[in-house]
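Asks: Following this message is one structure expressed as structure tokens.
Chains as they are written, first to last, in our numbering: chain A, 50 to 842; chain B, 25 to 435.
Structure follows, in structure tokens:
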């Protein structure tokens, strides 16, 4: 670790010793008949601080010292106003709310969940609650695919590569976060292809502007995974078994040490799958060389992964509102069955990732100033082993021995990479008044890499293994933001300015001596979002962002072999515009409609340009995205024919993603063509029905089903004149089109009486349809998972 | 609020989508195709994808391939192809999987799949091959052996056997520095009843560098008996040929003399990029002939040579760099290659300025069909084919979008 990183960590940790200025208000809200009232909104009028009561009617509110008017409100109850003064202490309140009998027939929802508040920000955020589907065995991909404008694709079974697009942008344009911190320090431990939902509270999807809190260089949005954070002790254990020898176990919990402000928690998962589903694969006749296609079991696609994290947390002390230490261990081993295409079977290629991670997070209010400091250190080891001389067919039979190269390519690989990663983040929020709030953040990610690949190629003209040359990558992103509320909270404006700085060093000399190249860059981005509320849940919002995506080290420096360096590479840039409308369609907020139009103009997109024999990353095309997404959701507590709760959703997304300014004559035929290999039209429908006390008192039965449709899309660039209309196939003679797909998933969950024991059966791909998220690499057919969950509160 | 309407709309849209037609392309080929010529063009430089488009009559003038109704989309349009008996053979299929792909042309002129012989090991340059007649051809599949030449039937598109050159050309037992021996990956041509294939003795499996000897080797096999005849060596040259078919690294002149381009070692100071000769009727290199390319490249620096030349009447037609390669090869695809006619006897090179410079996005090189010289070229503003009759260069056609990578007569 470099001295700079160490200094940075010390500076950030020094915040831990700074003192004080906040108090705590806690209490319980009950009704006239002495019953606790859950979901009551408790807000301090003078600040943005607020919270909600839990199922026992209890609440805890952290607040700077001072004098406040608390507003206590809930559906069907008369709002109460209570004046309090707090000075570095804990104040306990007992509040009784009166029913508003005369208004019960037309209840207006006053309190809003934190998720709902996020959804109603000036910037476009979609929030998916994982809490509601924890009783299922759904994956994060399935959850995300229920969102308009978002498409998740996976190249095969559990643990295979996952591609997420948000409003038409994908790959490096999308950044990922855990509790507002860039995910780089966690690596694949939080990869959405394996991460269980059990320890996730909600998933926030930022479609365009990223707020100051998520300072990162995302070109087209981000996904923030918010973990469960509860004040109550619990233990949540699940075990599931599914098709293709898939087993998952998760354990999450928290325990507060009595008579202290200390709690300890754990979260972990273990996943093991053979992924041995059947797929249609080519088998080469060894005599004739001709291929036939057979349904064969995948034989080398297994995955085993374990993640374990313990944390210790101190809350509500005089010197810290919250101080959390975490220590994590992650180990993933994966077999690789095939490359990008299902052409050749790999029988022995394996990859692995091991990480040890320690992190600390400190939150403290200093008067009105809210401070949030995070620092993490990661030691990560990655391997890619491809040393066999055997060659396999898709039946798993060895068809050749003593081949010189590897299964992946013309050279064997025995790659071992060691990474040291330091992540640090400082976030400050200062609510000047109800009308004005200031924000600032700084994100630092430093990565050092060194490795070996003995059987690999050396830097041309030398005997130097390029991986043995140390490489480093430092990224600093600073952001400033201002929120303005006006016109009696009808108007909200969110402005931010970001600075992106990078310093990179790596082995990249083609025919050089292995001396590292070094480059640095400074860029600025800006965003502004405006929201006008017509009522509490009906609003119009618009945003503009000039976003930057800094090239990755590999894009700058190539591989020192046949991907040349290109130190003149410019960052990708994007002008992102959103215009959206959202409304509750009835006064009871049962039905919600949202409509969002989006426009992106991306400049200098980076592509790998293959040549004979070299390749190089270059800023190539621009792209223009014009899209429309709409979603309709309903949540009905009970309907006349069914006594249970029904919720449903339906959404449609169309995104016209076009290549523009193709530049040379070489690609002029593709001017205005769709950017290939991105779905451009898709829909999703789903429902969830829950009913209680069916077979016994307090039991619960839930059904759900989802349907996803993806229109055919093109693997490669197709001239615009050869595209079909929206409801037509392409008018071209081609086998390189990914066909339309229909995917239906369904499941049923049952909770035993008053216990917290759930049993669940999920059926994925109910129609047993051919699903090809990636060209000719099928995903599993119909498959089943049975899952047991036990929750101790 | 009634909730039924939005649902009805949504399901109607979904139902409409589900009912879209599937266009099935006919595979009927009655042997009476109107396709006279085919153009292979790369449309996307990042993915190398493109099309093979056919034409009734000679394509001329400015062509817009996006308007062509008889085309087939290809994952890899950069590597070339060969025509035999009206069918197009390529070393990758639609999806760029390595193997021998045969396309015939249906009654409308559409290219249609007419057979595929797969190879197990994916290669960067597909499967090298040569077709002798309608019942016999040769190809390279290193998964079956580095020193084995595979035999196939071009009509049935089935592998039929192999020739094992190991006993005749292997030097590994005598020279332990050799790590890899390969034969047929780069060069494969039949002339006068003999099959000529390259033999490489390498430090590692790399087409660009690592030759154990500063020599070029060619093995000669009798086609009738599929038996080994000779291994010939030329010292002071290495790196026989470059795999892509459209680079035309090996040519014959009007006398049947064989001219073989060697590209030299890409990373060593002595690159030895030369053109060598095996005279008609001979099975050994002409030790009295070599055409050294390096003197024609001005300045000091890396003078590597890829892409062969076409030859008639002792004149070699080829593109040559107007500057050396940059140390990082960053000028590899700059517009810096001039078209020359080189007298192979006097070694005098004459610039033909009427033929446009090329930038090597088009990797196809000049070639003769009969006595007509076809010159593919590309630049940031245009790409197409020129013809040259010895005195005058004429533009045959120009692509309005795309990079020419092959032009074939089908009749």
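Don't be surprised by glycine CBs; every beta carbon is placed ideally from N, CA and C.
Please read these numbers as outputs of a predicted model, since none were measured by experiment.
(1) Output the boundary residues of the alpha helix (DSSP H) element that contains residue 350 of chain A.
(2) Report yes if the CB atom of residue 226 of chain B is closer than 8 Å to the CB atom of residue 194 of chain B, and no otherwise.
(3) What in chain B is Cβ-close to residue 768 of chain A, meaning under 7 Å?
(4) Can you name the residues of chain A whose CB is closer than 9 Å to the CB of residue 424 of chain B?
(5) Could you tell me if residue 322 of chain B is buried or exposed, where buried requires 16 or more neighbouring beta carbons within 10 angstroms of its beta carbon?
(6) Leaving aside the five residues before and after residue 535 of chain A along the sequence, list all residues of the same chain whose C-beta is less than 7 Å from its C-beta, in chain order.
(7) Contact defined as beta carbons within less than 8 Å: I believe residue 409 of chain B pairs with residue 331 of chain B. What is the distance between those atoms, to the nearest angstrom?
(8) Find the nearest neighbour of residue 528 of chain A within the set A:793, A:92, A:501 and A:261, judged by alpha-carbon distance.
(9) From the DSSP output, which residues share a beta bridge with residue 340 of chain B?
(10) Name the two residues that bound the continuous beta strand (DSSP E) containing residue 167 of chain A.
(11) Let me check one thing: in DSSP terms, what residues is residue 708 of chain A bridge-paired to?
(12) Show which residues of chain B have a CB atom less than 8 Å away from the CB atom of residue 694 of chain A.
(13) Output the distance between the C-alpha atoms of residue 320 of chain A and residue 429 of chain A, rounded to the nearest integer angstrom.
(14) Do you know how far the Cα of residue 832 of chain A is from the Cα of residue 292 of chain A?
(15) In whole angstroms, what separates the C-alpha of residue 173 of chain B from that of residue 268 of chain B?
(16) Compare the Cα-Cα distances from residue 251 of chain B to each of B:257, B:258 and B:243 and report the closest residue.
(17) What are the start and end residues of the alpha helix (DSSP H) that includes residue 605 of chain A?
(18) Less than 8 Å between C-beta atoms, sequence neighbours within five positions excluded: which residues of the same chain meet that for residue 791 of chain A?
(19) Going by DSSP, which residues form a beta bridge with residue 405 of chain A?
(20) Kindly indicate the opening and closing residues of the alpha helix (DSSP H) around residue 374 of chain B.
(21) Taking Cβ positions only, does residue 390 of chain B come closer than 8 Å to chain A?
(22) Looking at residue 244 of chain A: is its Cβ nearer than 8 Å to the Cβ of residue 189 of chain A?
(23) Less than 6 Å between C-beta atoms, sequence neighbours within five positions excluded: which residues of the same chain meet that for residue 400 of chain B?
(24) Let me check understanding here. Comparing Cα to Cα, which of B:367, B:107 and B:121 lies closest to residue 157 of chain B?
(25) May I ask you to list, following chain order, the residues of the segment 421–453 of chain A that have a beta carbon less than 8 Å from some beta carbon of chain B?
(26) Are three or more beta carbon pairs between the segment 338–350 of chain A and the segment 371–388 of chain A nearer than 8 Å?
(27) Which first and last residues belong to the alpha helix (DSSP H) in which residue 192 of chain B is found?
(28) Put residue 435 of chain B into one of helix, strand or coil per three-state DSSP.
(29) Between which two residues does the beta strand (DSSP E) harbouring residue 251 of chain A extend?
(30) If we count the other Cβ atoms within 10 Å of its Cβ and call it buried at 16 or more, is residue 391 of chain B buried or exposed?
(31) To the nearest angstrom, how far is the alpha carbon of residue 79 of chain B from that of residue 830 of chain A?
(32) Using only the alpha-carbon positions, how far apart do residue 411 of chain B and residue 417 of chain B sit?
(33) Could I get the ranges of all uninterrupted beta strand (DSSP E) runs contained in the segment 379–419 of chain B, with 3 residues as the minimum, in chain order?
(34) Between residue 130 of chain A and residue 74 of chain A, what straight-line distance do the alpha-carbon atoms span, to the nearest angstrom?
(35) With 16 as the cutoff for other CB atoms within 10 Å, does residue 153 of chain A come out buried or exposed?
(36) Check residue 716 of chain A in the structure and name its three-state DSSP category.
Replies: In terms of the structure at hand:
(1) Taken as a continuous stretch (DSSP letters only), residue 350 of chain A belongs to no alpha helix (DSSP H), as it is neither H nor E.
(2) no
(3) 90
(4) In chain order: 714, 717 and 718.
(5) exposed
(6) 484
(7) Their Cβ separation, rounded to whole angstroms, is 16 Å, which puts residue 409 of chain B and residue 331 of chain B out of contact at 8 Å.
(8) A:261
(9) According to DSSP, residue pairing for residue 340 of chain B in a beta bridge involves B:335 and B:366.
(10) For residue 167 of chain A, there is no enclosing beta strand (DSSP E); the residue is part of the alpha helix (DSSP H) that begins and ends at 163–168.
(11) A:672
(12) Within chain B, no residue comes near residue 694 of chain A; the closest Cβ sits about 15 Å away, beyond 8 Å.
(13) 20 Å
(14) 6 Å
(15) 18 Å
(16) The residue from B:257, B:258 and B:243 with its alpha-carbon nearest to that of residue 251 of chain B is B:243.
(17) Where residue 605 of chain A is concerned, the enclosing alpha helix (DSSP H) stretches over 602–606.
(18) 756, 757, 758, 816 and 818
(19) A:378 and A:428
(20) Per DSSP, residue 374 of chain B belongs to no alpha helix (DSSP H); it is in the beta strand (DSSP E), 373–375.
(21) no
(22) yes
(23) Residues 386, 388, 409 and 428 of the same chain have their beta carbon placed closer than 6 Å to that of residue 400 of chain B, with the five preceding and five following residues left out of the count.
(24) B:107
(25) 440, 442, 448, 449, 452 and 453
(26) yes
(27) 190–193
(28) Assigned with DSSP and collapsed to three states, residue 435 of chain B falls in coil, not helix or strand.
(29) 249–255
(30) Counting the other CB atoms within 10 Å of its CB gives residue 391 of chain B a total of 16 or more, which places it among the buried residues.
(31) 43 Å
(32) Whole-angstrom Cα-Cα distance: 6 Å.
(33) 391–393, 396–402 and 407–412
(34) Rounded to the nearest whole angstrom, the CA to CA distance from residue 130 of chain A to residue 74 of chain A is 14 Å.
(35) Note that residue 153 of chain A scores 36 on pLDDT, short of 50, meaning its location in the model is unreliable; the coordinates nonetheless yield the value given after this. That one is exposed.
(36) Look at residue 716 of chain A here: in three-state DSSP terms it is helix.
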